[in-house]
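Notes follow the structure.
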Ligand SMILES: *Cc1c(COP(=O)(O)O)cnc(C)c1O
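In this note's numbering, the protein residues as written are 1 to 354.
This is the structure:
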């Protein structure tokens, strides 16, 4: 820390991304990326001619990308804002809908970025414990007066909240925004997007990082009533008007338009998830019911930290959180079938002590 660091920056709680080691080739099952390359249509969109246009600024309105997203979800462009990953969209939302006198509530076990952004904006954060079985019960949020942020499916558990419960939350207090982070919804959750037309206080965020194989493209978006989107644009134009770069605008629109490829990838992940869960359970693991592209699992023999370290020595990265309530678990991203078979082989060798 330098002697120049502001008091505000000293109070930050930076997010720790999953490891991206460069020292050796790992089977990477630690950051919920897709094991599949982007759609071939994405590759076609990224031509040399388009790269030459990088000397020009990107479209600040993200017009073509927002139109593709709106078309896919049966909404209009006024319902959409795109960002440099959904992390940026979440930041816009925290800045727009929370502040003095209006804090944010989120689960004690959820995406770590909510905590980091609440600290960045100096917000009052209420951490609401998940129930004993890691389920999220909206009863616990009904009377919270500020902004509610829910990941659905949740991370790192993979568990879902029914949309009927989210409706209750939206209706209980129309004067409060509910942000539903649907980063993983394409792998099996029930989406709140159809509710966007009905509720003026619902903001749904999604990302192309997981189900559309574009983590490195950094493309996220939010869907909501036009007034909410206008508020988010107010923040965006105060921060970074050209927030999505030219190549990502093209990649994102192409990915959104390739429905067949998208469905094929999501189906493969769901099949591999079912296979992996069964294999883990057969080896004595407790596995939480996941609707995401990862499993949250606990070995009956090895503590989470030890399992994480042993797998890393064997060339497989999984995510371990050194945190109360979940220290015994590891989060395993669903990769290709070959990757999951390699994981099982290493778990078997570990058990056999070879
Ligand atoms: C991965 C993830 C995001 C954001 O990803 P981006 O790459 O910034 O779009 C948001 N929320 C949750 C719960 C995530 O796991």
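Ideal Cβ placement from N, Cα and C applies to all residues, glycine included.
Open item on the list: On the CB-based measure, 16 or more other CB atoms within 10 Å of its CB, does residue 286 come out buried or exposed?
Closed with: exposed
Open item on the list: Is residue 181 close to ligand 1? I mean its beta-carbon at under 6 Å from any heavy atom of the ligand.
Closed with: yes
TODO: Spatial neighbours of residue 241 within its chain, please: CB distance less than 6 Å, with the 5 preceding and 5 following residues excluded, ordered by chain position.
DONE: 60
Open item on the list: Assuming residue 249 and residue 65 are in contact, meaning their beta carbons sit under 8 Å apart, how far apart are those beta carbons, in whole angstroms?
Closed with: 5 Å
Task: Sequence-distant residues of its chain with Cβ nearer than 8 Å to residue 148 (five each side left out) - done: 104, 105, 106, 141, 169, 176, 177, 178, 179
Task: 7 Å Cβ shell around residue 218 - same chain, five flanking residues per side excluded - done: 84, 85, 248
Open item on the list: Please report the distance separating the alpha-carbon of residue 222 from that of residue 193.
Closed with: 10 Å
Open item on the list: Measuring only from the beta carbon, is residue 151 closer than 6 Å to any heavy atom that is part of ligand 1?
Closed with: yes
TODO: Alpha carbon to alpha carbon, how far is residue 5 from residue 102? Give it in angstroms, no decimals.
DONE: 27 Å
TODO: Out of 289, 111, 340, point me to the one whose CA is closest to residue 187's CA.
DONE: 289
Open item on the list: Which residues does DSSP list as the beta-bridge partners of residue 223?
Closed with: 80, 204
Open item on the list: Do residue 13 and residue 115 count as a contact pair if the criterion is CB distance below 7 Å?
Closed with: yes
Task: Residue from 354, 346, 334, 204 whose Cα sits closest to the Cα of residue 34 - done: 334
- [ ] Enumerate in chain order the residues of its own chain whose CB-to-CB distance from residue 52 is below 8 Å, with the five nearest sequence positions on each side excluded.
- [x] none
Task: Where residue 57 falls, given that 16 or more other Cβ within 10 Å makes a residue buried - done: exposed
TODO: Please indicate yes or no: does the CB of residue 291 lie closer than 6 Å to some heavy atom of ligand 1?
DONE: no
Task: Spatially closest choice to residue 323 from 253, 78, 38, 156, by CA coordinates - done: 156
Task: CA nearest to the CA of residue 138, picked from 150, 146, 132 - done: 150
Open item on the list: So for residue 276, helix, strand or coil by DSSP?
Closed with: helix
Task: Assigned secondary structure, residue 61 (DSSP; H/G/I helix, E/B strand, else coil) - done: coil
- [ ] Have a look at residue 317 and residue 16 and give me their C-alpha separation to the nearest angstrom.
- [x] 15 Å
Open item on the list: Here's the rule I'm using: 16 or more other beta-carbon atoms within 10 Å means buried, otherwise exposed. How should residue 132 be labelled?
Closed with: exposed
Open item on the list: Can you give me the C-alpha to C-alpha distance between residue 9 and residue 171, rounded to a whole angstrom?
Closed with: 37 Å
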